[in-house]
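These notes are about the structure you will find just below.
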Amino acid sequence: MMENFHIKPIDPHGQHLEHLSDEARQDGYFFMDRLAAEVRSGENGFQRPGECFLGAIADGMLIGCGGLNRDPYVTGVVGRLRHLYVLRAYRKQGIGAALVQQLLEHSKSSFEVVRLRTSDASAGLFYDALGFERVEHQSATHRLFTKLRH
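In our numbering, the protein residues as written are 84 to 233.
Set out below in structure tokens:
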């Protein structure tokens, strides 16, 4: 378990995500490119109530990221985990889990449930281990009920 990192809110705009996008693309994952396109177009800035975008930082370098949006595919008080990525060299060290836990903590003030969609089998197992339950839905593969605090 890596201990020399911290998680903080970051701005999804700008060049600081490019090395994450480059590595994801090399592995055949294009969701980081979608993130950049959504941010550039103004479609998604993680700025609506309840939303946030977090980065994991180690030795001054961004090593992972993830965001929380209002889920556009359903009505109600539902959040959506988006664009979680950790650099290969930093995986299996608790960084992804820490990002998800911080996003879930943030979600408790705004959302009753957090959903996500993944097509990657190992990512599915990762979310299973974090307590998400699998769902059969066109727009989601996993969900987790939060303890919404008013």
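Where is the CB? At the ideal position from N, CA and C, for every residue including glycine.
Restricting attention to beta strand (DSSP E) runs no shorter than 3 residues, the segment 100-172 encloses them at 135-141, 144-153, 161-169, ordered along the chain. Distance between PRO92 and GLU219, taken at the CA atoms: about 31 Å. A Cβ-Cβ contact shorter than 7 Å links LEU213 with VAL183.
No Cβ-Cβ contact shorter than 7 Å links ARG131 with GLY150. With the rule of 3 Cβ pairs closer than 8 Å, the segment 151-159 counts as touching the segment 118-136. Distance between GLU101 and VAL196, taken at the CA atoms: about 30 Å. The Cβ-Cβ distance between HIS99 and ILE140 does not fall below 7 Å.
Of the residues GLU86, ARG108, PRO95, the one whose Cα lies closest to the Cα of ARG171 is ARG108. Here ASN127 is buried. Its C-beta has 16 or more other C-beta atoms within 10 Å.
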